[in-house]
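If you're matching positions, the sequence shown starts at 1 in this note's numbering and goes up one per residue.
A quick write-up on the structure given underneath.
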Amino acid sequence: MGEKEVKTVEEEKAVRGGGRWLETGSSSHRRLLIYGIVSILAVSGAWLVVATAIDTVSILVEGGGMHLDNLVGHVAPGYEKVEKVFKRNFADGWEREGASITVYHKDRVIVDLQGGYADKASGRKWTQDTRTVVFSTTKAVGAVCVAILVDRGYISYDDKMSKIWPEFAQNGKENITIDWLMSHRAGLAALDMPISIEDANDFDKMSEVIASQKPNWEPGTKSGYHAITYGWIVDQIVRRADPKGRSVGRFFKEEVADVHGIDFHIGLPPSEEHTVSRLSMPSTLHLFREIVHDPRVLIVLAVFNLRPPNSIARRISANPTWFKLEQDVNTFNNPTLHAMEQVAALGITKSRDLARLFSLVQQGKLFSKDLLEKFRAPQVQGIDEVVMTPLPKGHGFLYERHPMGGKKWLVGHPGYGGSTIMMDLDDEITIAYVSNGLKTGMGELTRTYRHLRDAVFECLEKQKNEQSVIIEDAIQAVAA
């Protein structure tokens, strides 16, 4: 190993001034001040008054909401409320750029809406050709690739990783299973060796780095979100399990995308770069507004920004240094990263293709329904070792509680800024939402997604109730 490669992550931080995992602002002091103010307001019980005031200020300062003059798509009868919510997200200023949502019921599209801007600053409108970086939603696609290999019998979730990768059994990793890797239990969330962009594109280099890495905790004893390393780990699994030795991006393209006509890229061809929407960060005012309307956002931000310097979360933020989401530096708009095969955070797609992909999963067309049944509920619950909040997960997916209550789960994966894919395995509903106007939270904490999701299930429940009444009336009529 050359001299230029022996720097530790701590030395890199000293040189570069450190960083935060998927940092959400360039001034920590400004945001800490915001957190403090909002905490005081929470105690005083002044939320409703403040929310109204912040909304008014937002209208005055940022020009209010957006008139959606390029809405394209349709909703099936009975799902009109979803379109109303979609329009309201723009009108009320929660969607600052562009967005799209597609919903499948079984194999039928019941919602398909899009509009806004692919790049508001340049005036570029969102069109049917617009693709978007969907961040950690990509992890669900990586989970599908591994599930396909498991379903075909090439590997088992119970297999030790060293079975297909002998060099992996170093530094206490000899008992780590593929299941532990996919459910974030392997203790490989943070890497000690600084990773350059060149390293990230070098399979042999990443093999060496991961194989030599000492676990961050005793494998199998905890679960901690592998925010970035998940992508390189899944690539290692796919390449070593696939009889053809293909990368995760090539495997997905040849086995899924090309076969089923799915426009989802794990490594975007440079010739398609012009179709990618530009990601924008929320302003301080928008951030404040998010917190006031949903105090849970404050808790998440505090967790990420108030962690000690030696925490695993801080180590993740420091390496690699070229993953940045700040007010003045957003590397996720970099075409170089768009071309990278990184299945943890760099998938690029459209909502209709994302929804169709997971509709095919629900139909059993990518792997068996018997295997899909194993994904119905999370393997791991409780406090996550990295994010220090509950994060139900398993087999590469994340879970959220069904909005209609009960013990049901939605399975899929949210992405930073709001993009989300979720499946209801009971009613065979698939929801895909993407947006380039990034929000502070993800999944349930993303107001725009949450309201759309809830509207979908409210419409579905209403239809089911109406059908039950019709059936009951028919039975009574026959009995009479």
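We put the CB at the ideal spot given by N, CA and C, even for glycine.
Bridge partner(s) assigned by DSSP for residue i
i    : result
A432 : T102, I421
L410 : E400
L507 : No answer is possible for residue 507: the residues shown for the chain start at 1 and end at 480.
I383 : P390
K160 : T177
H265 : I348
T132 : T349
R124 : D119
G437 : S280
L113 : G73, I101
Own chain residues within Cβ distance below 6 Å of residue i, not counting five before or after
i    : result
R124 : A118
K439 : G417, G418, T446
P320 : I195
A432 : T102, S351, L354, A355, I421
I110 : A76, Y79, V103
V481 : Because the chain is modelled from 1 through 480, residue 481 falls outside the range shown and cannot be assessed.
Q379 : S183, G394
Nonlocal neighbours in the same chain, by C-beta distance under 7 Å from residue i, ignoring five residues either side
i    : result
V144 : V361, L366
E461 : M404
H413 : S136, T137, K139, A140, F397, L398, I421
D129 : T275
V248 : G142, C145, V234, D235, V238, I266, E341, V343
E466 : none
Y225 : H184, A189, D384, V386, V387, L391
Length of the line joining the Cα atoms of residue i and residue j
i    : j    : result
L22  : L287 : Unreliable placement is indicated for L22, whose pLDDT of 43 sits below 50; the coordinate value is still reported in the next sentence. Computed Cα separation, rounded: 16 Å.
D384 : P269 : 35 Å
W409 : D424 : 7 Å
G18  : A318 : With a pLDDT of only 36 at G18, under the threshold of 50, the placement of this residue in the model should not be trusted, and no figure is reported.
F251 : I148 : 10 Å
G93  : D69  : 15 Å
A186 : F168 : 12 Å
G25  : E326 : Only weak support is given to the placement of G25: the predicted model assigns it a pLDDT of 43, under 50, and the value that follows is read from those uncertain coordinates. Cα-Cα distance, rounded: 5 Å.
V389 : L357 : A small correction: the amino acid at residue 389 is Thr; Val does not occupy that position in the sequence shown. Taking the straight line joining both Cα atoms gives about 29 Å.
C459 : K81  : 7 Å
F457 : N89  : 18 Å
E376 : V411 : Note that residue 376 corresponds to Arg in the displayed sequence, not to Glu. Their Cα atoms are separated by approximately 7 Å.
P308 : M182 : 27 Å
S280 : A99  : 12 Å
A339 : G231 : 14 Å
A14  : V386 : Reliability of the predicted coordinates at A14 is poor, the pLDDT of 38 falling under 50, and the value obtained from them is presented with this limitation in mind. When rounded, the distance between both Cα atoms is 22 Å.
N201 : M161 : 22 Å
A313 : E208 : 23 Å
L443 : Y449 : Looking at the sequence itself, residue 443 is Gly, so the reference to Leu does not match. Roughly 7 Å between the two C-alpha positions.
E255 : G261 : 11 Å
G115 : Y157 : 41 Å
P215 : L113 : 44 Å
K407 : K369 : 21 Å
R240 : F264 : 23 Å
R246 : K253 : 10 Å
8 Å Cβ cutoff met for residue i and residue j
i    : j    : result
G267 : E341 : yes
G417 : F135 : yes
L337 : I421 : no
Q363 : D107 : yes
S359 : Y104 : yes
Q463 : G78  : yes
Q170 : D192 : no
R278 : N334 : no
F323 : I228 : yes
G415 : V300 : no
Whole-Å CB distance - residue i paired with residue j, under 8 Å assumed
i    : j    : result
T138 : A455 : Contact doesn't hold; Cβ gap of about 25 Å is too wide.
V276 : I164 : Actually they are not in contact, since the Cβ atoms of V276 and I164 sit about 34 Å apart, beyond 8 Å.
I316 : A189 : 6 Å
A91  : G73  : Actually they do not touch by this definition, with Cβ atoms about 17 Å apart.
L391 : V85  : Going by Cβ atoms, the distance from L391 to V85 rounds to 26 Å, so no, they are not a contact pair.
E494 : G437 : Missing from the structure shown is residue 494; the chain here goes from 1 to 480 and no further.
Beta-carbon proximity list for residue i, same chain, < 8 Å, skipping 5 on both sides
i    : result
P219 : G172, K173, N175, I176, W180, R185, A186, G187
P243 : Y154
L371 : A147, V150, D151
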